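Novice:
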Amino acid sequence: MKLIIYDHKFFRAIVSTFSSKKYLTFNITQESFQIFTSEIAKYFISFSDKSFYNFTGEIVFTLNPAHLHSQLNLFKDKNDPLTIYLQDKSFIIQSNITEKSSIKIVIPFISYFSYDLEDIVDVHTKFLLKDGKFLTTMQGIVNYSIENDKLKLKREADEVCEEMIIENVKFMEKTGILDFTSSNSWVEVFTHLNLYFTDILFSFAYNAMRIQFLLKGHESGYFEIQVPRISI
3 MKLIIYDHKF FRAIVSTFSS KKYLTFNITQ ESFQIFTSEI AKYFISFSDK SFYNFTGEIV
63 FTLNPAHLHS QLNLFKDKND PLTIYLQDKS FIIQSNITEK SSIKIVIPFI SYFSYDLEDI
123 VDVHTKFLLK DGKFLTTMQG IVNYSIENDK LKLKREADEV CEEMIIENVK FMEKTGILDF
183 TSSNSWVEVF THLNLYFTDI LFSFAYNAMR IQFLLKGHES GYFEIQVPRI SI
């Protein structure tokens, strides 16, 4: 089966973001292109617009993201679409280098990891941020709360307490008390993908935080992260 990725610069940025994870699971049909991985948090990205890819068929498979990332870097200077052939056990990238030479890379599938996104219900707090890159300064275990209608982030590490107050927040729902502590390792997504994000929607239930990103240039697509609560 033949897969064409038109926006392979964006595709490389996605793979770069997850290159340290243990796996990437792909679910590709004619209607949608989905990628899933998990560690502490769960990451899910989906496209349905044909400006990103073209594919006829249906396939689900899992790849080693570090292996895929290193091989995709060979094509970082290409501007034309990336052509991929999906066989029973491998992901094959084939491209012309010159008029007389070409390159073919075979990446084997690994053991399949299934999807297990949660259905997050009983959301009590929602707010919108236009930019979230500044959150990368608050890594580690972070507490989210609301103080005087402002978002407050607090991190304690090595006997030092750091706090951040964010005023430019658009609250969409506040029906409960926000006091949520979790790993903030998910903010690493801003390193490679920040240029592709527009609005960022945060939703909090008691046991989970959900972050949803709208994607610049791919309005029909979205990126979702689910982060579990830590009890301390």
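Going by this note's numbering, the first residue of the sequence shown is number 3, and it counts up by one from there.
Backbone N, C-alpha and C fix where the C-beta goes; we use that ideal spot for every residue, glycine too.
All values derive from a computational prediction rather than experimental measurement.
1) Measure the C-alpha to C-alpha separation of residue 49 and residue 161 and round it to an integer number of angstroms.
2) Of the choices 30, 29, 70 and 110, whose alpha-carbon is the least far from that of residue 16?
3) Can you look up residue 241 in the DSSP assignment and give me helix, strand or coil?
4) Would you mind giving the Cβ-Cβ distance between residue 6 and residue 55, rounded to the nearest angstrom? I have them listed as a contact below 8 angstroms.
5) Below 8 angstroms on the Cβ atoms is my contact criterion, and I expect residue 228 with residue 119 to pass it. Report the Cβ-Cβ distance as a whole number of Å.
6) Does the Cβ of residue 219 have 16 or more other Cβ atoms within 10 Å, making it buried, or fewer, making it exposed?
7) Going by the C-beta, is residue 10 closer than 6 angstroms to any heavy atom of the ligand ADP?
8) Compare the beta carbon distance of residue 31 and residue 60 with 7 angstroms and say whether it is the shorter of the two.
9) Quick check: the segment 77-91 against the segment 35-52, are at least 3 beta-carbon pairs closer than 8 angstroms?
10) Is it true that the CB of residue 76 sits closer than 7 angstroms to the CB of residue 14?
Specialist: In this structure, then:
1) Using only the alpha carbons, I get a separation of about 44 angstroms.
2) Of the listed residues, the one whose Cα sits closest to residue 16 is 70.
3) The chain is shown only over 3 to 234; residue 241 falls outside these bounds and no answer can be derived.
4) Separation of the CB atoms of residue 6 and residue 55 is rounded to 6 angstroms, and the pair is thereby assigned contact status at 8 angstroms.
5) With a Cβ gap of about 7 angstroms, residue 228 and residue 119 count as contacting.
6) By the 10 Å Cβ count, residue 219 comes out exposed.
7) For the ligand ADP, the structure offers nothing, since it holds no ligand at all.
8) Cβ distance < 7 angstroms, so residue 31 and residue 60 count as in contact.
9) Segments in contact, no.
10) Taking a C-beta distance under 7 angstroms as the contact criterion, residue 14 and residue 76 do not qualify as a contact pair.
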